[in-house]
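Q: Mapped onto the working numbering, the consecutive letters of the sequence shown carry residue numbers 4 to 295.
All C-beta atoms in this analysis are idealised placements derived from N, C-alpha and C, irrespective of residue type, glycine included.
Have a look at this one before I ask anything.
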Amino acid sequence: MRDFTKSHEWLSINTATIRKQQGAEVPLERIIDQCAQRGIRAISPWRDQVAAAGIDQVAAQLRAHGMVLSGYCRGGFYPAADAAGLKVALEDNRRAIDEAKTLDAPCLVLVVGGLPGALQGQAAYKDIGRARAEVRDGIAASLEYAREVGMPLAIEPLHPMQAAERACINTLEQALDICDELDPAQSGMLGVALDVYHVWWDPKLEQQVARAGTQRLLAYHVCDWLTPTRDLLSDRGMMGDGVIELKKIRGWVEAAGYAGFSEVEIFSDLDWWKRSGEETLDICIERHRSAV
Ligand code: ZN
């Protein structure tokens, strides 16, 4: 297992972690500069942030700093109420793949979607089996295009508490089953983004991480699970402040062959988004050395 205690060369920052600073939305340009100033080599930005900043400007700024992406957030949200909606989702995923390519991302992260409309408070249907079938078909279609352009897709299983609104793929095993079905050759074009926040509780985690192996482990996200959790989306903890055995899980992931970035992804309306980006980043670096 790599020694993270003396350097943060394998730290990446998911830009959601500091997208709000002292409550205000912060432009991606500033986030990139704040990371670069601290010798952080990689980020994972969100599509809306990139769109606001201009994708060519973002690509140029990253090049100027010698920075790379650890992933691109995000594609997915495949299920829809009707055929027209399914088509819109596929077209949007195609654009996301193109953007990821422009930014030279190692993968496009897929938050696959749940019951269509549920995120807006009005589910178009309740059949989660149907949603899962639409997700499978959507990934299959995106994968064809992803292969053409050479952009790996990383399915991110989400904690079951988010099955209705955000993702009906909820365990690593479920994600890997889809990978094996759609990419039996393990081409490297379809895999998973493993986020400890979503999977730490899973009794099959160690076994499924070993099953995933290098070909499927495309991204690794860290934060911590706070007790109590006060908000289902935006109360993620800083590494070391919660109950996730971070070093143990990274040990499994690296034993399976993963040697990429460890990406800090913290949504925190109640704490970290209330602080300055500088303070949050400095503590991310410190905890990445001591707790990850
Ligand atoms: Zn994540």
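For Ser265, which of Ile46, Glu28 and Gln123 has the nearest alpha-carbon?
A: Ile46
Q: Identify whether Arg219 lies in helix, strand or coil by the three-state DSSP scheme.
A: DSSP places Arg219 in helix when its eight states are reduced to three.
Q: For Glu159, which three-state DSSP category applies?
A: coil
Q: Please report the straight-line C-alpha distance between Leu220 and Asp227, rounded to a whole angstrom.
A: 20 Å
Q: Spatial neighbours of Leu179 within its chain, please: CB distance less than 8 Å, with the 5 preceding and 5 following residues excluded, ordered by chain position.
A: Val195, Gln211, Arg214, Ala215 and Arg219
Q: Would you list the one or two residues that DSSP bridges to Gln123?
A: According to DSSP, which records beta bridges pairwise, Gln123 is partnered with nothing at all.
Q: Assuming Val152 and Lys90 form a contact by the criterion Cβ under 8 Å, report the distance between their Cβ atoms to the nearest whole angstrom.
A: Val152 to Lys90, Cβ: 19 Å. No contact.
Q: Just to check my reading of the structure: Gln64 and Ile35 have Cβ atoms closer than 8 Å, yes? What is that Cβ distance to the nearest angstrom?
A: 5 Å
Q: Any residue with its C-beta under 5 Å from a non-hydrogen atom of ligand 1 counts. Can you list them all in chain order?
A: Asp198, His224 and Glu268
Q: Let's see if you can read the secondary structure: which residues bound the beta strand (DSSP E) around Ser279?
A: Here Ser279 belongs to no beta strand (DSSP E), and DSSP marks it neither H nor E.
Q: Taking the alpha helix (DSSP H) that Pro198 belongs to, which residues open and close that run?
A: Looking at the sequence shown, residue 198 is not Pro but Asp. Segment Leu193 to Asp198 is the beta strand (DSSP E) holding Asp198; no alpha helix (DSSP H) there.
Q: Let me confirm a value: Gln123 is counted as buried when at least 16 other C-beta atoms fall within 10 Å, else exposed. Which label applies?
A: exposed
Q: By Cβ distance below 7 Å, which residues in the same chain neighbour Ala294 in space, the five residues on each side in sequence not counted?
A: Met242, Gly243 and Leu249
Q: Can you name the residues that DSSP bridges to Cys76?
A: Answer is Trp49 and Val112.
Q: Return yes when the Cβ of Ala39 is within less than 8 Å of the Cβ of Met70, no when it is not.
A: For the 8 Å CB-CB criterion, Met70 and Ala39 form a contact.
Q: Assuming contact is defined by CB atoms lying nearer than 8 Å, are Pro163 and Gln177 in contact in what I supplied?
A: no
Q: Let's see if you can read the secondary structure: which residues bound the beta strand (DSSP E) around Ile16?
A: In the DSSP assignment, Ile16 falls within the beta strand (DSSP E) that extends over Leu14 to Asn17.
Q: What residue does the beta strand (DSSP E) around Ser265 start on, and which one ends it?
A: Ser265 to Val267
Q: Can you check which of these residues, Glu209, Arg150 and Ser145, is closest to Val115 by C-alpha distance?
A: Ser145
Q: State the beta-bridge partners of Gly240 as determined by DSSP.
A: Asp227
Q: Below 8 Å CB to CB, which residues in the same chain sit around Asp234 once its five sequence neighbours on both sides are set aside?
A: Asp272 and Leu273
Q: Taking the C-alpha atoms as reference points, what is the distance between Pro187 and Lys277?
A: 45 Å
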